[in-house]
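Data first, discussion second: the structure below is written as structure tokens.
Residue numbers (this note's numbering), protein chains in the order written: chain V, 1 to 112; chain L, 1 to 116.
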């Protein structure tokens, strides 16, 4: 049973560029949440997708957007990258409104 | 913004000793969860304790929850070198809307080092 997978593992971009990160949820899960974790900090909630719609959003600017596909996989897009966007981006999946979320290994984004 | 805080920020112990980490939070919760993170990679779910529970065990882990003090503790007994990791508590709040959803709010974590 595959767990949550994310791609790519690492990514290096320059300021002003755009990036797309991908996530496949655990088998049987239909809800995907995205988190940003800066170095030395805990993860911060970006947004959550269910039934292909954004259901909740944390305190992140509109430069951060997402999408969920019919097969429940999800993408996180960040436009106009800033140095401060450098972080580990974590995807977590769960089933319906279940409260336990299972995390993927993350994508390490470095913005130069 | 992060609602909870773990204490201590860092903890170093000898293998075989017990490790205790504390977590405080600010608002009401539905439940509280503990996660482990190795070397800045993905988080592994350890244990969930609901707001109407006071104590929960899982293997060498023991979690307590005091909702009146808005605090929780994680005890790892007979620690091993493999327990070296960062440990995070996450408060869960159920948000009404659509099918409803849970949002996790994390603290900054406790970095545990277990010396062989």
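Beta carbons: idealized from backbone N, C-alpha and C, even for Gly.
Rounded separation between residue i and residue j - CA only
i             : j             : result
residue 59/L  : residue 16/L  : 15 Å
residue 6/V   : residue 107/L : 23 Å
residue 77/V  : residue 59/V  : 16 Å
residue 38/V  : residue 71/V  : 29 Å
residue 54/L  : residue 48/L  : 11 Å
residue 98/L  : residue 99/V  : Annotation note: pLDDT 49 at residue 98/L (below 50); position unreliable, coordinate value reported separately. Their backbone Cα atoms lie some 15 Å apart in a straight line.
residue 41/L  : residue 52/L  : 31 Å
residue 62/L  : residue 32/V  : 29 Å
residue 14/L  : residue 43/L  : 24 Å
residue 84/L  : residue 86/V  : 25 Å
residue 27/V  : residue 101/V : 13 Å
residue 22/L  : residue 57/L  : 16 Å
residue 22/V  : residue 50/L  : 31 Å
residue 116/L : residue 12/L  : 11 Å
residue 18/V  : residue 74/V  : 17 Å
residue 92/V  : residue 4/V   : 7 Å
residue 74/L  : residue 64/L  : 7 Å
Neighbourhood of residue i by C-beta distance below 6 Å, restricted to the same chain and skipping five residues each side
i             : result
residue 108/V : 10 and 88
residue 1/L   : Any reading at residue 1/L needs caution, since the residue's pLDDT is 46, under 50, leaving its predicted position unreliable; the model's value is listed next. None.
residue 5/L   : 24 and 107
Residue i vs residue j beta-carbon contact at 9 Å
i             : j             : result
residue 119/L : residue 87/L  : Residue 119/L lies beyond the range of chain L shown here (1 to 116); nothing can be said about it.
residue 68/L  : residue 24/L  : no
residue 43/V  : residue 36/V  : yes
residue 90/V  : residue 103/V : yes
residue 18/L  : residue 82/L  : no
Neighbour flag for residue i against chain L, beta carbons, 9 Å
i            : result
residue 99/V : yes
residue 4/V  : yes
residue 64/V : no
residue 18/V : no
residue 72/V : no
Residue range of the beta strand (DSSP E) that includes residue i
i             : result
residue 3/V   : Where residue 3/V is concerned, there is no enclosing beta strand (DSSP E), given that its DSSP letter is neither H nor E.
residue 111/L : 110 to 115
residue 22/L  : 19 to 24
residue 76/V  : 74 to 78
residue 18/V  : Segment: none, residue 18/V is in no beta strand (DSSP E) and carries neither H nor E.
residue 66/V  : 64 to 68
residue 13/V  : 10 to 13
residue 57/L  : 55 to 58
Short CB-CB distance (under 9 Å) between residue i and chain V
i             : result
residue 45/L  : yes
residue 56/L  : no
residue 1/L   : At residue 1/L the pLDDT is 46, less than 50, meaning the model places this residue with poor confidence; the figure from the coordinates comes in the next sentence. Yes, residue 1/L lies at the interface with chain V (some Cβ there is under 9 Å from its Cβ).
residue 60/L  : no
residue 41/L  : yes
residue 108/L : yes
residue 18/L  : no
residue 98/L  : Note that residue 98/L has pLDDT 49, beneath the 50 cutoff, so the model's placement of it is unreliable and the number below is only indicative. Taking Cβ atoms only, chain V reaches closer than 9 Å to residue 98/L, which makes this a yes.
residue 65/L  : no
Close beta carbons around residue i, own chain, < 7 Å, minus the five adjacent residues each side
i             : result
residue 80/V  : 16 and 63
residue 106/V : 6, 88, 89 and 90
Proximity test, residue i beta-carbon vs the ligand ATP heavy atom, cut-off 8 Å
i            : result
residue 18/V : Absence of the ligand ATP is noted for the structure shown, with no ligands found whatsoever.
Neighbourhood of residue i by C-beta distance below 8 Å, restricted to the same chain and skipping five residues each side
i            : result
residue 66/L : 54 and 72
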